[in-house]
Amino acid sequence: MFFISGVVILAFVVLGIVFPEQFEANALNVRNWIGEKFGWFYTLAASFFLVFALWLMLSRYGRIRLGPDSSRPEFGTMAWFAMLFTAGMGIGLVFYGVTEPVWDSVDDRIVNVDNVAESTTGALQYTLFHWGFHPWAIYIIVGASLGYFCFRKGLPMRPASALYPLIGSRIYGWLGNLIDILAVFGTLFGLATSLGLGTQQINSGLERVLGVPNTGLVQVAIICLITAVAVISVVAGIDKGIRRLSVINLWLAAALMVFVFLLGPKLWMLSMMTTGAGAYLQNLVEMSLTFMPGQMEGATASTATHDFSVAWTVFYWGWWISWSPFVGMFLARISYGRTLRQFVTGTLFAPVGVTVVWFGVFGGAGMFYDKLQNAGISGVGDEAEGMYELVEALPVAGILISLVSLLTVLVVTVFFVTSSDSGSLVVDMLTNGGDPHPVKIQRIFWAVTEGLVTIVLVVAGGTAALEALKSAAVITGLPFAIVLLFMLAGLLKALKQEDPASIYPDMQLPRLGDGKPSHQNPEDEGNVTVGTSGSATSTRTEDEQ
1 MFFISGVVIL AFVVLGIVFP EQFEANALNV RNWIGEKFGW FYTLAASFFL VFALWLMLSR
61 YGRIRLGPDS SRPEFGTMAW FAMLFTAGMG IGLVFYGVTE PVWDSVDDRI VNVDNVAEST
121 TGALQYTLFH WGFHPWAIYI IVGASLGYFC FRKGLPMRPA SALYPLIGSR IYGWLGNLID
181 ILAVFGTLFG LATSLGLGTQ QINSGLERVL GVPNTGLVQV AIICLITAVA VISVVAGIDK
241 GIRRLSVINL WLAAALMVFV FLLGPKLWML SMMTTGAGAY LQNLVEMSLT FMPGQMEGAT
301 ASTATHDFSV AWTVFYWGWW ISWSPFVGMF LARISYGRTL RQFVTGTLFA PVGVTVVWFG
361 VFGGAGMFYD KLQNAGISGV GDEAEGMYEL VEALPVAGIL ISLVSLLTVL VVTVFFVTSS
421 DSGSLVVDML TNGGDPHPVK IQRIFWAVTE GLVTIVLVVA GGTAALEALK SAAVITGLPF
481 AIVLLFMLAG LLKALKQEDP ASIYPDMQLP RLGDGKPSHQ NPEDEGNVTV GTSGSATSTR
541 TEDEQ
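Each step along the sequence shown adds one to the number in UniProt numbering, with nothing skipped, and position 407 is 407.
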């Protein structure tokens, strides 16, 4: 598994380096073809995952814990939320926080660009649609399934484990390995792409504030420095490293948001939060089930080659699905001891609430200065520049602009580190047979590998190679969407076999089972039951973490 994953990764990296333009063009063509031919499938699958997540939260199975019945959460609520949020969205919110709402507000495929109120509300509505409930519901499918089967049933922390109720011990064969390799592929290249784009945003900020040249050599130095910090964090473990960095990151991001809110058009941003969120919730069902949305009422005729739903919505669903092994596994790893209801509620609603506020502040301010102050933010062709364009548009003195820009660079940098260390942990678990406590030397290997892959792509292939790998990662979303449906089916089958005493803990009911996962009995393959302890208990030490 370790060797095969390395070979596949090396092959795609070489393609991205030697033939960056051709690789980008072919990958983009395949991505667009998938969007046009299977966009309906992405649309229905993503919406179905959201419905299932809500059902799981409200059903009687919500009382079941990700671990034995006696288990309790490993991390406090604040630390848990900080880790899940930085892993789930992280650097993307800083990267697209300004540009996506601003660009959507001038996209005549979905808004009436001549009406400020309609265009800004419609833009935020679609931005929240792409970054709101659906991606987190996708993550929940993986996180809930793996947390359940690993911590409650004693199976390895790998995507194939969720298929045990359906295919039994074949999860340990070629099919299970294929699923895991697909997960490694989407995780590593999705991370490399995001880290490469994040490096460009850091370099852009340093160039604006400190005059640091925007060159490949500087970007290599940035990646090396951040990778070194990520190695320290991942070696320190989840509690001492990733948890602390995630909490720091959350506070830094909150400070940046407060600065922009206090210095920007406060009433406008508050209005954007409420009207944008209201429009999103009001039209959620319609948007969720619409593959070809066409023009919204009053929008002008579209001149784009591809419909908005193919260019953006289907792209996002594929991107989130390709990221789901990484984020879902990490969520499972940090959610030991929580009930399914706690897991779904905390993972679905809390991050979306923060996302509404984030885009309301940054996207709202960006649209205000672009639409009403002619700041020209919509004309920025590079997402990395959007945040800095907004900061420079704020009505404050130059020194304060520099300080806020430096804070932005710091936020991106720490997001970079938290993405790298949590990603390294997940890839290590995937290539180490699903062990939730991988050895330190392999954590270091994968953290360094992510940094090296990013360096090679940024220096040798540039933006073309990064965009090609982004498309390649999204392409993996199609087969993995099918895997997610089977994971969902496996989880549902296992839940139906649960001991009633675990579902209704306050009732005096006799318990079933003998305390061991039934997959150890070949005559009962495919059925997984738990006993008094809720199955295998994970022994945790500070050194392992």
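Glycine included, every Cβ here is placed at the ideal spot set by N, Cα and C.
What did DSSP end up calling residue i once you bin it into helix, strand or coil?
i    : result
R65  : strand
T290 : coil
T339 : strand
N177 : helix
G298 : Model confidence at G298 stands at a pLDDT of 45, short of 50, so the residue's coordinates are unreliable and nothing is read from them.
F129 : helix
R170 : helix
N432 : coil
P135 : helix
I202 : helix
P395 : coil
K440 : helix
P73  : coil
R421 : Note that residue 421 corresponds to Asp in the displayed sequence, not to Arg. The answer is helix: DSSP assigns D421 an H, G or I state.
A11  : helix
V18  : helix
D104 : helix
M89  : coil
E36  : helix
E31  : First, the residue type needs correcting, since residue 31 is Arg and not Glu in the sequence shown. R31: helix per DSSP, three-state reduction.
Based on DSSP bridge pairs, tell me the residues matched to residue i.
i   : result
T99 : Beta-bridge pairing links T99 to no other residue.
Under the rule that 16 or more other beta-carbon atoms within 10 Å means buried, what is residue i, buried or exposed?
i    : result
C224 : exposed
E383 : buried
N214 : exposed
F52  : buried
T303 : Reliability fails at T303, whose pLDDT of 40 lies under 50, so the model's placement of it is uncertain and the value that follows must be treated cautiously. T303 comes out exposed.
L496 : One point to set straight first is that residue 496 is Lys, not Leu, in the sequence displayed. With fewer than 16 Cβ atoms within 10 Å of its Cβ, K496 is classed as exposed.
G211 : exposed
A301 : Low local confidence applies: a pLDDT of 42 at A301 is under 50, so the model's placement there is unreliable, with the coordinate-based value given in what follows. Its Cβ having fewer than 16 others within 10 Å, A301 is exposed.
Q114 : Looking at the sequence itself, residue 114 is Asp, so the reference to Gln does not match. That one is exposed.
R72  : exposed
V327 : buried
S70  : exposed
E389 : buried
W251 : exposed
S204 : buried
A11  : exposed
E286 : exposed
T347 : buried
Give the straight-line distance between the Cα atoms of residue i and residue j, rounded to the nearest whole angstrom.
i           : j    : result
A123        : W103 : 8 Å
residue 621 : I222 : Coverage of the chain is limited to positions 1 through 545, which leaves residue 621 absent and any answer about it impossible.
V106        : S378 : 7 Å
K266        : G360 : 10 Å
V344        : F19  : 43 Å
S324        : V142 : 7 Å
Q282        : F129 : 11 Å
M57         : L491 : 14 Å
T413        : Q442 : 23 Å
V396        : A117 : 26 Å
S335        : F486 : 22 Å
A230        : N112 : 45 Å
M387        : V352 : 21 Å
A350        : L84  : 10 Å
R60         : L340 : 10 Å
P156        : G264 : 49 Å
Y369        : T193 : 30 Å
G298        : T120 : For G298, the predicted model reports a pLDDT of 45, less than 50, meaning its position is unreliable; a value from the coordinates is still stated below. Distance between the alpha carbons of G298 and T120 is about 14 Å.
A253        : F415 : 9 Å
P517        : A255 : Only weak support is given to the placement of P517: the predicted model assigns it a pLDDT of 39, under 50, and the value that follows is read from those uncertain coordinates. Spanning the two alpha carbons is a distance of roughly 47 Å.
G67         : R333 : 11 Å
V426        : M329 : 6 Å
P159        : A365 : 40 Å
F480        : L400 : 46 Å
Problem set entry | Within the segment 327 to 384, ranges of the alpha helix (DSSP H) (whole runs, at least 4 residues) | If one requires a minimum length of 4 residues, the alpha helix (DSSP H) runs lying completely within the segment 327 to 384 are 340 to 371, in chain order.
Exercise. Quick one: complete alpha helix (DSSP H) runs, 4+ long, within the segment 179 to 254?
Worked result: Whole alpha helix (DSSP H) segments, 4+ residues: 216 to 237.
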